[in-house]
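For the sequence shown, the tail end lands on 181 under the numbering used here, and the numbers increase by one without skipping. Every residue, glycine too, gets a C-beta built ideally from N, C-alpha and C. Okay, structure first, notes after.
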Amino acid sequence: MSRPASSSASPADGPREPRRSSSERPGAEILYQEKLTPAWWMWLLVLFAGVVALVALAPIDPWVAGAAAVVVGGGTAVALVASSTTIVVTDESLQVGRARIERRFVGEAEAFRGDDVRRVRGPELDGRAFMNFRASVGPVVRIRITDPVDPTPYWLTSTRHPERIVEVLSARP
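Listed below in structure tokens is the structure:
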């Protein structure tokens, strides 16, 4: 059954060498790890938020407007960084953000790009699915959940490397 867990994972697009996950037994090796950071164009939101605060408050007091622009822009930057999630696959579990499930309950994984993403995120989406979407990350991977007591039929998550996740999950430990 999937359940929230916390992990402090460092960003990486794939395995460089097997590492241990700090939240699992000592022998668990990280097979895949990806941090879903915002795309470069999402950082324009930080600039936009700061400019809006500056323009809105400039007629009142330029110093207050400048301070508000820094605070609003900084808050937006913190929100972007804080909303970045990590995907971690070990020989024992799959973790997407704070959700974690044992690998023995992970079924078939499918990669989707382009128009197929719109289809699986739209008309074919099951409302019971665990979803982790990022506006700045287009491709998704759908991972079937085989736990008989978990009502979640699958996990659907954004990823920059869906084929790699499918490859790692298909290779049973």
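| message | Starting from E132, trace the alpha helix (DSSP H) in both directions and tell me its first and last residue. | response | Here E132 belongs to no alpha helix (DSSP H), and DSSP marks it neither H nor E.
| query | By a C-beta neighbour count over all protein chains shown, 10 Å radius and 16 as the cutoff for buried, is P170 buried or exposed? | reply | buried
| query | At a cut of 8 angstroms, does the stretch 42 to 53 reach the stretch 141 to 159 through at least three beta carbon pairs? | reply | yes
| query | R106 to A119, Cα distance in whole Å? | reply | 22 angstroms
| For the beta strand (DSSP E) that R168 lies in, which residues bound it at each end? | Neither: R168 is in no beta strand (DSSP E) and is coded neither H nor E.
| Helix, strand or coil: how does DSSP classify V96 here? | Residue state for V96 is assigned as strand, using DSSP reduced to three classes.
| task | Report all residues from its chain with a CB closer than 7 angstroms to the CB of P159; omit the five preceding and five following residues, and keep chain order. | result | R136
| Alpha carbon to alpha carbon, what distance is there between I153 and W51? | When rounded, the separation of the alpha-carbon atoms in W51 and I153 is 34 angstroms.
| field | Residue environment, L55, which counts as buried when at least 16 other CB atoms sit within 10 Å | value | L55 counts as exposed, since fewer than 16 other beta carbons sit within 10 angstroms of its beta carbon.
| field | Per DSSP, cross-strand counterpart(s) of S101 | value | E110
| task | Determine the DSSP secondary structure at F141, reduced to helix, strand or coil. | result | coil
| Which of helix, strand or coil does DSSP assign to S30? | Its pLDDT being 47, under 50, S30 is placed unreliably by the model, and nothing is read from it.
| task | Over the uninterrupted beta strand (DSSP E) stretch that includes V148, give me the two end residues. | result | 148 to 153
| said: With three or more C-beta pairs closer than 8 angstroms as the rule, is the stretch 84 to 103 touching the stretch 125 to 135? | reply: no
| task | Verify whether the separation of the beta carbon atoms of L53 and V176 is less than 8 angstroms. | result | no
| query | By how many angstroms is the C-alpha of V89 removed from the C-alpha of A76? | reply | 20 angstroms
| Helix, strand or coil: which one does DSSP assign to A47? | coil
| field | Cβ shell of L65 (< 7 angstroms), same chain only, five flanking positions each side left out | value | V72, A73, A76
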